[in-house]
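Student: Residue numbers (the numbering used here), protein chains in the order written: chain A, 5 to 205; chain B, 13 to 311. We put the CB at the ideal spot given by N, CA and C, even for glycine. Computed from a prediction, not measured in an experiment: that's the story for all the values here.
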Ligand code: SF4
């Protein structure tokens, strides 16, 4: 059975999640990447959307205007690591509960997730049409002056996912754990291959 | 067909083909992803592969580019010296990229150097990138279309080694790139490796290695063996889809080589992501064509 989180997300729900779990989201997902992070954390500007209990998506979508509003064409995750510098303060300031992106994040975000109870999750990269079809409606857009990719698109989503928890509230970081593992495995593998490619004699 | 009509025909073919391959993965990639999915037994890896499959089906149904990053358009051309439109190919390809960007639509991915402005047309200085090979006495043209996404271009790297480092140095270099940058490039990846005597040669060959159909090996037996060894080794790392760990890491490892200088071994790596958008088309002098990457497709 699908595990579904619904906004506003409660701390108790998040505390039950462990890195590696797969969840889906119902409710509000707001796109938020480099510029809004910078504006809030570095420039001290207040966000025009109250993110308390909601989810953000590190993504720059392709959106088209239709008579009665906007339509999501394509929305895929961008590399989360670019927001690492800001994310702890961002979580503290906004009360955001779920951060969705691509690839891992670092110790700053891990600390933020542990202290303020939030999680980071991965949406499969390159699956932008799938993600777009899971957006029920774009309710509004803020900071459109930043351009289409950087604006805050307030989306109502239904069973948005799969979302793979990569950083949980307990200090686990899936990608960091994997990285250590990959590097450990690499040493003997490379040694073995090298012994077979000694073509220069 | 007079020359004007031929120019028009080829422009239309290339516009449609450029737009088409931004929405549909080539046959060999689709088959490989299916094969890799079947080998996975972890829930996590299966969920990711299933999302990829579903995404491709939706892209097909809704006629949309499968990944939001439709990359920088590149054309790798092998043109016969007798091809009737030899002098027009460059203009035709520029128009095709421009028109496909509107038609598909493709994302605007051309930022001018120094001005640091996105041109808003997906074309710019030397973009679409065109790489030329002239084939003596041939009458047709073979074009490899490629969309180089940001995520999968990021790991691209090269290094010139001293001969003392040997082929061992090549292996180490490739594995380092893969464990440090591969994870964010949307695995399972296609790894293109170029080896030659200087870095420009290695870099060009590493990109061309990405166009070889999956499953075809280097023509030299040592080269083929080295590809097999690295492919197995990288798969044993178990990066899995999206770097979330799994049974495999790569769709393949392809090496392209050129004779080197006695004092140098240059190696370069180019990466193709799971959404490896490459397309191959052969156009004859009478403007009939055959698409070899996506069988049975007419434009
Ligand atoms: S790496 Fe490839 S699949 Fe992933 S986001 Fe970039 S272009 Fe799309």
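1) Which residues end up in the neighbourhood of ligand 1 when you take C-beta atoms closer than 5 Å to any of its heavy atoms?
2) Rounded to the nearest angstrom, what separates residue 98 of chain A and residue 58 of chain A at their Cα positions?
3) Identify every residue that forms a DSSP beta bridge with residue 102 of chain A.
4) For residue 311 of chain B, collect the residues of the same chain with a Cβ closer than 7 Å to its Cβ; drop the 5 residues on either side in sequence, then sort them by chain order.
5) Can you tell me which of A/147, A/85, A/149 puts its alpha carbon nearest to the alpha carbon of residue 195 of chain B?
6) Once the 5 residues before and after residue 22 of chain B are set aside, which same chain residues still bring their CB inside 7 Å of it?
7) For the pair the segment 251-265 of chain B and the segment 111-129 of chain A, tell me if three or more CB-CB distances fall below 8 Å.
8) Does DSSP put residue 117 of chain A in a helix, a strand or coil?
9) Name the DSSP beta bridge partners of residue 156 of chain A, please?
10) Judging by CA-CA distance, which residue of A/189, A/199, A/45, A/61 is the nearest neighbour of residue 29 of chain A?
11) Restricting to Cα atoms, I'd like to know which of B/101, B/42, B/139, B/150 is closest to residue 379 of chain B.
12) Pairing CB atoms from the segment 281-297 of chain B with CB atoms from the segment 161-175 of chain B, are three or more of them under 8 Å?
13) Check whether the segment 135-143 of chain B and the segment 73-93 of chain B touch, using three or more Cβ-Cβ pairs below 8 Å as the test.
14) What in chain A is Cβ-close to residue 183 of chain B, meaning under 7 Å?
15) In terms of residue numbering, what span does the beta strand (DSSP E) encompassing residue 276 of chain B cover?
16) Buried or exposed, going by whether 16 or more other CB atoms sit within 10 Å of the CB of residue 15 of chain B?
17) Taking C-beta pairs closer than 7 Å, name the residues in chain A that residue 193 of chain B reaches, listed in chain order.
18) For residue 112 of chain A and chain B, any beta-carbon pair shorter than 8 Å?
19) Quick check: the Cα distance between residue 107 of chain B and residue 309 of chain B, rounded to an integer number of angstroms?
20) Any beta carbon of chain A sitting closer than 8 Å to that of residue 80 of chain B?
21) Considering only the alpha carbon of each residue, which of B/55, B/306, B/274 lies closest to residue 173 of chain B?
22) On the DSSP bridge assignment, give the partners of residue 137 of chain A in chain order.
23) Residue 87 of chain B bridges to which residues according to DSSP?
24) What residues match up with residue 164 of chain A in a beta bridge as DSSP calls it?
25) State the Cα-Cα distance for the pair residue 193 of chain B and residue 87 of chain A, rounded to the nearest angstrom.
26) Should residue 65 of chain A be labelled buried (16 or more other beta-carbon atoms within 10 Å of its own) or exposed?
27) Pick out the complete alpha helix (DSSP H) segments inside the segment 45-118 of chain B, 4 residues or longer, and give them in chain order.
Tutor: This is what the structure holds:
1) Checking every Cβ against the heavy atoms of ligand 1 under 5 Å gives A/129, A/130, B/79, B/81, B/161, B/163, B/164, B/198, B/285, B/287.
2) Residue 98 of chain A and residue 58 of chain A: Cα-Cα distance of roughly 9 Å.
3) For residue 102 of chain A, which the question treats as bridged, DSSP gives the partners A/59, A/123.
4) 25, 28, 29, 32, listed in sequence order.
5) The shortest Cα separation from residue 195 of chain B among A/147, A/85, A/149 belongs to A/85.
6) Taken in chain order, the residues that qualify are 97, 104, 295, 299.
7) Segments in contact, yes.
8) Looking at residue 117 of chain A - three-state DSSP - the assignment turns out to be helix.
9) When DSSP reads this structure, residue 156 of chain A sits in a beta bridge with A/146.
10) Ranked by Cα distance from residue 29 of chain A, the options A/189, A/199, A/45, A/61 are led by A/61.
11) No answer is possible for residue 379 of chain B: it lies beyond the span of chain B, which begins at 13 and ends at 311.
12) Verdict: yes, contact present.
13) Put simply, the segment 135-143 of chain B touches the segment 73-93 of chain B. At least three CB pairs are less than 8 Å apart.
14) By Cβ distance, chain A contributes 194, 197, 198, 201.
15) Taken as a continuous stretch (DSSP letters only), residue 276 of chain B belongs to no beta strand (DSSP E), as it is neither H nor E.
16) Exposed.
17) Listed along chain A is no residue with a C-beta nearer than 7 Å to that of residue 193 of chain B; the closest approach is about 10 Å.
18) Not one chain B Cβ lies under 8 Å of residue 112 of chain A.
19) Separation of residue 107 of chain B and residue 309 of chain B (C-alpha to C-alpha, rounded to the nearest whole angstrom) is 22 Å.
20) Closer than 8 Å to some Cβ of chain A, the Cβ of residue 80 of chain B qualifies, so yes.
21) Of B/55, B/306, B/274, the residue nearest in Cα terms is B/274.
22) Looking at the DSSP assignment, residue 137 of chain A forms no beta bridge with any residue, so it has no partner.
23) DSSP, once it has assigned bridges, lists B/142, B/157 as partnering residue 87 of chain B.
24) In DSSP, residue 164 of chain A forms a bridge with A/29.
25) In this model, residue 193 of chain B and residue 87 of chain A are separated by some 17 Å (Cα to Cα).
26) The residue in question, residue 65 of chain A, is buried, as its Cβ has 16 or more Cβ neighbours within 10 Å.
27) Within the segment 45-118 of chain B, the complete alpha helix (DSSP H) runs of at least 4 residues are 55-74, 101-115.
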